[in-house]
Each structure stands twice: as C-alpha cells, then as structure tokens.
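Heads up: the protein sequence lines correspond to chains A and B, in order. Take 170 as the starting number for the first sequence in this note's numbering and just add one per residue. Take 67 as the starting number for the second sequence in this note's numbering and just add one per residue. Okay, so here's the structure we're looking at.
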Amino acid sequence: MNLDFNLPEDVEEARQKARKFANDEFKEEIAQTHDHEELYPYELRKKAFKAGLVRIDNPWNMLLTMEEFCRVDPGLGLSVLASVFGSELLLLYGTDEQKQKYMEPVLDGSKISALAVTEPGAGSDVAGISTKLETSNNEFLLNGQKMFITNATIADFFYVLARTSPPPSKEKRHHGMSVAIVDRQWPGVSVNKLKGKLGMRATDTAEIKFDGVKVPKENIIGEIGKGFYYIMTFFNISRVYVAAQSVGIAQGALDELLNYAKNLGSNEESMQFILAESAAKIEAARLLTYKAAWLVFQFNPDPALTSMAKYFSAEVANSVTESVLEYMGQKGLLSKLERLYRDSKITEIWEGTSEIEKLVIARTLVKRAMQGDQIVK
Amino acid sequence: MQLLKQVIEEFSEKEIDPVALSIEREGLTKEVLNSLAEKGFLGALAPVEQGGAGLDGRGYSVLLEVLARHSPSVAMYVFLQNSLFINPLLKYGSNELSQGVIPLIASGKSSGTFVNYLLTGNEITIDGSIIYGVANHIPNGSAQMCLVLAKSASGGQLVLLDKGFKAVNDSRKLGFRGLNFSSISFDGASAKSILISENAEAEIMKIYNESASYISAIALGIGGAALDMAVSYAKERQAFESRLIEFQPIAFLLVKLISEFNVYERYLYGISSVKDSMMLKELALDFSRRASRTSLQVHGGYGYIEDSGIERFYRDSMALELLTGSYTRDRVELSKELLGVESAKY
Chain A
170 MNLDFNLPED
180 VEEARQKARK
190 FANDEFKEEI
200 AQTHDHEELY
210 PYELRKKAFK
220 AGLVRIDNPW
230 NMLLTMEEFC
240 RVDPGLGLSV
250 LASVFGSELL
260 LLYGTDEQKQ
270 KYMEPVLDGS
280 KISALAVTEP
290 GAGSDVAGIS
300 TKLETSNNEF
310 LLNGQKMFIT
320 NATIADFFYV
330 LARTSPPPSK
340 EKRHHGMSVA
350 IVDRQWPGVS
360 VNKLKGKLGM
370 RATDTAEIKF
380 DGVKVPKENI
390 IGEIGKGFYY
400 IMTFFNISRV
410 YVAAQSVGIA
420 QGALDELLNY
430 AKNLGSNEES
440 MQFILAESAA
450 KIEAARLLTY
460 KAAWLVFQFN
470 PDPALTSMAK
480 YFSAEVANSV
490 TESVLEYMGQ
500 KGLLSKLERL
510 YRDSKITEIW
520 EGTSEIEKLV
530 IARTLVKRAM
540 QGDQIVK
Chain B
67 MQLLKQVIEE
77 FSEKEIDPVA
87 LSIEREGLTK
97 EVLNSLAEKG
107 FLGALAPVEQ
117 GGAGLDGRGY
127 SVLLEVLARH
137 SPSVAMYVFL
147 QNSLFINPLL
157 KYGSNELSQG
167 VIPLIASGKS
177 SGTFVNYLLT
187 GNEITIDGSI
197 IYGVANHIPN
207 GSAQMCLVLA
217 KSASGGQLVL
227 LDKGFKAVND
237 SRKLGFRGLN
247 FSSISFDGAS
257 AKSILISENA
267 EAEIMKIYNE
277 SASYISAIAL
287 GIGGAALDMA
297 VSYAKERQAF
307 ESRLIEFQPI
317 AFLLVKLISE
327 FNVYERYLYG
337 ISSVKDSMML
347 KELALDFSRR
357 ASRTSLQVHG
367 GYGYIEDSGI
377 ERFYRDSMAL
387 ELLTGSYTRD
397 RVELSKELLG
407 VESAKY
C-alpha cells in the first residue's frame with residue numbers, strides 16, 4: 170500500500186511560492202484595473218518568469234501554481250501562465266530545430282505562443298474546421314479564420330490546426346488535419362482583439378485571419394494528417410490545467426466566505442451549510458484533478474478521468490462562486506467575488522465544453538465496458 | 067393587457083434595441099430617458115395627474131418584463147424610479163410632497179434613488195434631521211434625490227433628501243451596466259422631509275416584499291429573452307453535422323426551462339397577494355440565473371462576448387438578486403409568511 174496524499178516537499182514548496190507571489194503581486198486594485206480595462210499584465214508575466222514560476226518542464230509545480238494563481242486572481246494568473254500555451258505540442262511531437270527555434274524562447278519567457286484550433290463555424294466539433302493548408306511548390310499556403318484564440322494579439326507565433334486533405338469518409342472526419350507553426354508577423358496574417366468578455370478580462374483573446382500565408386514545410390509539426398490526434402493529446406494535458414484553474418477559483422470564493430465567517434462571526438446555519446457544501450465539493454474536485462494529473466504526468470493519461478476532472482471542477486467553480494456570491498449579497502458585489510463569479514464561467518467552455526467532456530467520459534466508459542476493461546484507471 | 071404589451075414591445079424595438087449595446091457600454095442616454103418619460107414609463111405607478119401612467123400592478127409587471135427582455139438596465143431603472151421611489155413617496159409622503167416631487171421624476175427632469183442599509187450593510191444614521199454615513203454601490207447613485215432608510219433608536223426613519231450629499235462614481239459593476247453606481251456620503255446632510263419617523267425598517271421590508279412580483283417580472287424578462295435567443299441559435303448552429311437543437315441534452319434542458327418560464331409567467335399575471343409575490347420571487351430569480359447560464363453555454367464562445375447580448379443576462383440575473391434583496395433576509399421573511407415562525411434565526 171503506497172497510497173500517499175502528501176505532495177512531495179518540492180511541489181509543496183512551489184505551491185507556497187506561487188501563493189506568496191500571487192498574494193504579493195495580484196493586489197485587488199491591480200486585478201480590478203486589468204479586469205475593468207481589459208489589460209494584459211505584461212509586467213507581471215515578466216516577474217513570474219523571473220521568479221521561476223512558469224515551468225512546463227515541471228508539470229506538478231505548474232499545476233499547483235495554476236491553482237494558487239487562480240485562487241487569488243484568475244484573469245491575471247491565467248494571463249501569466251498561458252503565455253506558454255501549446256508548448257506541450259512541440260515537447261511531444263516537435264523536431265529539435267522546432268523546439269530550439271520556437272519552444273525554448275517561450276519557456277525562457279522571451280516569446281509568447283498561442284494555440285489556434287477553434288473557428289467561427291467549429292468549436293466543440295474540432296473536425297468541422299475549414300481552415301486549409303494546401304501544398305504549393307515546396308511550401309504550404311494557409312487560408313482560413315480562427316476564433317476566440319487566447320494570446321492571439323500578443324503571441325509571436327501560433328500552433329494552427331488546419332485541413333491538409335479532405336476527410337476520406339464521413340466516419341473518418343478526424344483524418345487529414347495537420348498542425349503548423351505560423352508567425353504572427355508573416356504576410357497574410359491579421360488579428361483582431363475581441364473586447365467585452367464576461368470574465369478573464371486580463372487575458373488576450375482575438376480572431377485571426379490567414380489570407381494566403383506561406384508556411385514552410387519545416388513548420389509542420391509531426392506527421393501530416395495526424396493533427397487532430399495531436400490536438401486531442403494536448404487537450405488531455407491542458408484540461409487538467411483547466412481543472413486546476415477551476416479548483417483555484419472555487420477555493421478563492423470559499424476563502425472569501427471563510428474570511429467573512431471568521432471576522433464577523435455568524436451562527437446562521439444557512440451560511441454554514443453553503444460553506445460546508447462548497448468545501449466538500451472543492452476537495453472532491455481537487456482530488457479528482459490531482460489523480461487525473463498524476464496519470465497524465467506519468468505519460469499514462471486516462472481521457473475519461475481527465476474529462477471527469479475538467480467537467481466536475483468547472484461545475485464546482487461555477488456553483489461555488491454562485492452560491493457564495495448569492496449569500497454574501499452586496500458585500501460580495503464589492504469584493505473580488507463578483508469577478509470570480511464572472512471568471513468561473515469560461516471553465517465550462519474552453520478546452521472542451523462540459524458537454525464534450527461528458528461525451529468523452531460516456532463513450533470511453535462504454536467502450537471499456539464492452540471490452541470488459543477496467544472502467545477507470 | 068395584450069394591447070399594452072404590444073405597445074411596450076413596439077416602443078422597445080424602436081427606442082431601445084438600436085442602442086441596447088451602447089446603453090451597456092456608455093450608460094442610459096438622455097434620449098432613452100426622454101422617450102421613457104414621454105410614454106409615462108418613468109412614472110408608471112404615478113397617477114396620470116402627476117405625469118405618470120397610472121398603471122396597475124399587472125400593467126407595471128408587463129412593462130418591466132418586456133423592457134427587461136430588451137435591456138435589463140432600462141427595466142431596472144424604471145423599477146428603481148417606481149417601486150423604490152415613487153411608490154414610497156405615494157405611500158408615506160404628504161400630498162404636497164408627492165405633488166412637488168413625483169412630476170419631476172415622471173418627466174425625467176429629476177431622478178431618484180433609494181439607500182437601504184438593510185441591504186448594503188453600511189451604517190447610515192439620523193440625528194434630528196441630519197444624516198450621517200456612507201453608502202456604497204448605490205444603483206443610479208448620481209440621482210438628484212435620495213430616499214434614505216436611516217438607523218435610529220426608534221427602529222429607523224425614512225427620509226427624503228434633495229441636496230447635501232455627494233456621490234462618487236464606482237466603476238465596479240457586475241450587472242446593470244447601463245446604470246450609474248456610486249458611493250454616496252451623507253455627512254451632515256439635512257433631510258428635506260421625514261416620511262416615516264419610527265419603525266421604518268419594518269415598513270421598508272414591506273415595500274420590498276410587495277415589490278417581489280415586479281422583481282420577478284424583470285427576472286422573467288431576462289430569463290425568457292435568454293431562452294428565446296438560445297432556441298434561435300440552437301436551431302441555426304451546426305456541430306457534428308447536425309443542428310444543436312437536435313441534441314437531447316440541449317433540447318431537454320431548454321424544454322425544462324421553457325416549461326418553467328411559462329408556468330411562472332402565467333402565475334405572475336394572476337398574483338393576488340404579497341405572499342404570492344414572495345413565492346414567485348424565490349423561484350423566478352433562480353430560474354433567471356439558470357436560463358441565462360444555459361443560454362450562454364448554448365452560445366459557447368459567442369455568448370461570452372458582450373456584442374451577443376447574452377453575457378449581460380448572466381451578469382444581470384445575479385445582480386438583480388443581490389441589489390433587490392438579501393439571501394437570508396428574504397428567506398426569513400418568506401419563512402414568516404409560509405411557516406408562521408417569527409424568525410428563522412439559526
């Protein structure tokens with residue numbers, strides 16, 4: 170029996186360090202300004218890199234940093250940590266040249282990456298994308314449009330999913346897609362920042378247009394035609410991070426309620442029940458998230474478990490922020506709770522909507538049941 | 067009533083829809099306020115001879131529900147002017163005072179707001195006729211006139227002020243972004259008139275309880291509009307080579323919410339007591355939030371962006387509850403009504 174719920178010492182240290190950084194740097198006034206004005210926190214991002222807090226080579230540290238950052242302010246926390254977004258694609262499938270040219274400057278904080286999958290006409294249905302990469306002489310021509318892309322106006326380059334060949338059949342819609350690395354400065358690329366988001370307003374979100382963009386062959390990641398599978402593998406990693414965001418957001422709301430209970434003293438059981446239910450949900454979400462991450466970080470992911478963690482934690486983030494804000498009333502309106510309430514909603518949408526997560530869970534489980542396999546790892 | 071609904075619908079399409087987004091971004095304009103005043107909506111509950119529309123409770127509910135469908139901010143503004151300003155003036159003010167003040171509100175020449183420490187938790191006190199204290203996050207806080215519930219040894223007083231207080235703009239807004247929110251400081255302001263000199267707290271709770279059906283009307287307007295938009299979008303948007311509406315989880319969620327909406331809406335227009343109103347509010351606010359959340363989810367990323375007009379429903383449905391009530395106080399009141407217990411205090 171080697172079940173051990175203690176985090177290793179170095180990971181616990183990373184958590185403390187992240188917590189201290191967030192408490193010191195994500196001051197309420199700063200968080201409010203970035204939220205209100207929809208400003209990307211360039212300086213905070215630099216500081217976090219300098220403090221060694223953005224480390225995709227150390228995923229546990231990154232996961233707990235995500236949780237602690239979002240606990241204090243999701244918009245600022247996400248902006249800082251998502252600046253390396255998509256890097257795992259190169260880590261897993263990139264050539265040495267690609268890693269050196271694109272990934273390394275991102276990991277040392279000098280460049281910013283973005284992942285461009287969603288399109289105006291295709292969100293949950295990734296295989297429904299229509300952006301095309303067509304062969305032309307010794308290179309590719311990229312045409313199409315991407316939507317709701319995090320970091321798009323500030324990124325140096327994007328990882329773009331596009332069709333390199335039409336689907337061979339209706340059943341094989343997932344075939345024929347590839348991932349290309351595309352510089353934002355290349356001719357034919359244009360970005361348009363989207364303003365007026367509900368939450369996570371410090372993060373940068375934009376649409377991208379590709380109009381006859383020339384992409385050299387060496388910028389294709391991995392094998393031609395396997396892009397969909399690379400993206401799904403990536404989602405298996407990124408969804409665990411969204412689960413951690415959600416746990417952090419919910420914990421941040423609980424912190425507010427605990428503060429209230431501690432300082433004002435209240436024996437109202439309605440408050441105590443909200444507190445107890447929230448705390449229990451958060452702990453369940455956290456354990457599920459850590460278990461899914463534990464498998465992912467050993468290169469042994471269970472997509473069903475990852476989707477459970479992502480779906481459940483997002484639900485918890487939404488329900489906890491809602492019930493705590495509802496209870497706190499006008500006090501909540503004047504605290505960071507109203508921001509947490511707005512910030513929580515996106516966790517049910519990005520990196521796979523809750524609906525998609527439920528489909529992954531159900532389909533995986535039925536398949537395992539049919540094969541007589543263990544239902545969950 | 068059908069005719070009234072049609073009139074308000076046409077008014078909203080003409081005067082509100084074209085500027086609904088700019089109302090959210092830049093606030094209610096003079097033009098919108100003037101057009102509301104012209105129709106008598108700013109004085110919906112005021113008698114016709116005072117420049118109002120003299121609507122009864124049902125007519126007023128129709129007004130709020132329809133306005134909320136087009137712009138929750140506009141509905142909230144009308145609610146504040148009528149339920150929380152004109153109504154207490156009519157109820158507790160002298161004829162002279164009402165006749166002096168209400169025409170100013172109904173014509174849009176002046177506007178009013180209500181400061182209630184029972185909701186804000188800010189201590190506002192009265193000594194003689196002098197008011198002290200600061201109230202935070204007051205909707206329409208830049209108004210020229212202010213009704214204030216002030217704490218006193220005699221169970222609170224309700225006073226009217228038309229000068230001597232200072233409003234400072236507050237940029238934090240969860241919902242109703244078309245309204246101005248301000249902190250108001252009263253240090254040393256003297257009351258123009260004292261409307262209730264003792265036990266005002268209990269009277270004010272009555273005002274809120276009586277307003278429950280109107281709050282519900284706004285909630286139903288928000289939830290109903292959010293659902294209509296979700297249905298239209300789900301009928302158009304394709305994923306996995308089918309329309310969203312063809313997928314059971316989406317369709318089943320929508321039919322449940324649409325059923326709720328229809329039951330609540332029918333109930334709203336048959337309300338005959340304060341108890342009825344309070345019961346509806348308990349359900350309608352929750353419905354409104356769930357309908358808005360579902361609509362946003364159906365719209366996906368598009369619902370998340372201000373331009374779509376969906377995310378404001380999500381924010382406003384929550385803000386409606388927080389600005390017009392209090393989680394425990396509302397339920398304690400309902401417990402008194404339904405259970406006959408004096409106070410559910412633990």
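We put the beta carbon where it would ideally sit given N, CA and C, even for glycine. Predicted model only: the values in this text are computed from it and were never measured.
- As a beta-bridge residue in DSSP terms, residue 247 of chain B pairs with B:205.
- By the Cβ criterion, the region 323-333 of chain A is in contact with the region 396-415 of chain A, since at least three pairs of Cβ atoms, one from each stretch, lie closer than 8 Å.
- For residue 522 of chain A, the closest Cβ of chain B is nearer than 8 Å.
- In chain order, 237, 238 make up the part of chain B whose C-beta sits under 8 Å from the C-beta of residue 205 of chain A.
- Annotation for residue 313 of chain B: no alpha helix (DSSP H) segment contains it, and DSSP assigns it neither H nor E.
- If you compare the alpha carbons of B:141, B:139, B:172, B:143 with that of residue 155 of chain B, the shortest gap goes to B:172.
- When 8 Å is used as the limit between beta carbons, residue 510 of chain A is near these residues of chain B: 240, 384, in chain order.
- Excluding five sequence positions before and after residue 229 of chain A, the CB atoms of its chain that fall closer than 7 Å to its own CB belong to 180, 466, given in chain order.
- Around the Cβ of residue 392 of chain B, a 10 Å sphere holds 16 or more other Cβ atoms; the residue is buried.
- Under a criterion of Cβ atoms nearer than 9 Å, the residues of chain B adjacent to residue 294 of chain A are, in order, 304, 305, 306, 307.
- Here residue 520 of chain A carries a coil assignment [DSSP, helix/strand/coil].
- When Cβ-Cβ separations below 8 Å define contact, residue 136 of chain B makes no contact with chain A.
- Under the three-state reduction of DSSP output, residue 223 of chain B falls in the strand class.
- For the C-beta of residue 436 of chain A, the chain B residues within less than 7 Å are, from N- to C-terminus, 412.
- 8 Å or more divides the Cβ of residue 161 of chain B from the Cβ of residue 208 of chain B.
- Residue 241 of chain B is positioned such that its CB atom lies closer than 8 Å to that of residue 386 of chain B.
- Put simply, the region 377-397 of chain A touches the region 345-362 of chain A. At least three CB pairs are less than 8 Å apart.
- Between the region 416-427 of chain A and the region 482-490 of chain A there are three or more C-beta pairs closer than 8 Å, enough to call the two in contact.
- For residue 407 of chain B, the three-state secondary structure derived from DSSP is coil.
- Burial check for residue 405 of chain A: the Cβ neighbour count within 10 Å reaches 16 or more, so the residue is buried.
- Listed along the chain, the chain A residues whose CB falls inside 8 Å of the CB of residue 381 of chain B are 367, 511.
- Taking a 10 Å sphere around the C-beta of residue 69 of chain B, we find fewer than 16 other C-beta atoms and assign the residue as exposed.
- Residue 371 of chain B and residue 363 of chain A do touch by the CB rule: their CB atoms are close to 6 Å apart, below 8 Å.
- Annotation: residue 295 of chain B is outside any beta strand (DSSP E); the continuous alpha helix (DSSP H) that includes it extends over 278-302.
- Taking a C-beta cut-off of 9 Å against chain B, the contacting residues of the region 295-315 of chain A are 296, 297, listed in chain order.
- With 16 or more other Cβ atoms from the protein chains shown falling within 10 Å of its own Cβ, residue 522 of chain A counts as buried.
- Against chain A, the beta carbon of residue 371 of chain B has neighbours under 9 Å at 317, 363, 364, 365, 366, 367, 374, listed in chain order.
- Residue 275 of chain A and residue 200 of chain A have their C-alpha atoms roughly 24 Å apart.
- Residue 345 of chain A has a beta carbon lying at 8 Å or more from every beta carbon in chain B.
- Those residues of the region 427-461 of chain A placed with their C-beta closer than 7 Å to a C-beta in chain B are 436, 437, 438, 439, ordered along the chain.
- Counting only the Cα atoms, residue 545 of chain A lies some 44 Å from residue 202 of chain A.
- Residues of the region 322-344 of chain A that bring their beta carbon within less than 9 Å of a beta carbon in chain B comprise 339, 342, in sequence order.
- Collapsing the DSSP output to three states places residue 300 of chain A in coil.
- CA-to-CA, the gap between residue 304 of chain B and residue 290 of chain A works out to about 8 Å.
- Taken atom to atom, the span from the alpha-carbon of residue 319 of chain A to that of residue 106 of chain B is near 47 Å.
- Collapsing the DSSP output to three states places residue 67 of chain B in coil.
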